């Protein structure tokens, strides 16, 4: 069946057809692909990349199509968004549990910030705001290396993971779910991080 056949139908009607009609399923997967993409961009997967999160989000969307129950009050959109976020969170939690791979959470200052867009590194991006003077660039590079070393030496593995997730803009609740610790532990970890990094 042509995909435009579904354009005048509600999502809920299309979902009811998707169980027996592959083209209905395909229509919904295409329709909600941008939702998945926008949610995947909000997070970071240790040891993975945005494509991995996008794939996880699409799995969540697929599950939403097959698990949606129209008798429940939530709209399909709300249910799909919830399933996508849960699937992405599960992938992040799984990666975060791999404690024996510390390099997964290591932030390299010399790795391209956006590999698919440009080759500019974090050092170059930060330095660009200050000056293009090579001497200042070198000094900034050395300062950043010192900060990186200080974080590595002073913070525990838990504190490093909390800091990375916090710097990505995640809430205490989101960090708590990913690393499987109460929100109070997250708050305590951030207080310790601030204290340790303020010490001279």
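In full-length UniProt numbering, the protein residues as written are 1 to 200. Beta carbons are placed, not taken as given, at the ideal position from N, Cα and C, and that holds for glycine. In this text the structure is predicted, and so the values were computed from the model without any measurement.
Residue burial is scored here from C-beta neighbours: residue 88 has at least 16 other C-beta atoms within 10 angstroms and is therefore classed as buried. With 16 or more other CB atoms across the displayed protein chains lying within 10 angstroms of its CB, residue 14 is buried. Counted as a single uninterrupted DSSP element, the alpha helix (DSSP H) harbouring residue 58 occupies residues 50–67. With a cutoff of 8 Å on beta-carbon distance, residue 50 and residue 41 are scored as near each other. For residue 71, there is no enclosing alpha helix (DSSP H), since its DSSP letter is neither H nor E. With respect to residue 12, residue 78 sits apart: the two C-beta atoms are not nearer than 8 Å. Residue 154 sits in a helix when the DSSP states are folded into three classes. Judged by DSSP in its simplified three-state form, residue 21 adopts coil rather than helix or strand. Ranking 152, 75, 34 by CA distance to the CA of residue 57 puts 34 first.
For the pair residue 168 and residue 68, the CB atoms are not nearer than the 8 Å cut-off. Secondary structure at residue 34: helix, using DSSP grouped into helix, strand and coil. Contact fails between the stretch 145–162 and the stretch 16–28, because fewer than three Cβ pairs, one in each stretch, are under 8 Å apart. CA-to-CA, the gap between residue 16 and residue 192 works out to about 51 Å. If the five residues before and after residue 45 are omitted, its C-beta is found closer than 7 Å to the C-beta atoms of 52, 53, 91, 92, 95, all from its own chain and listed in chain order.
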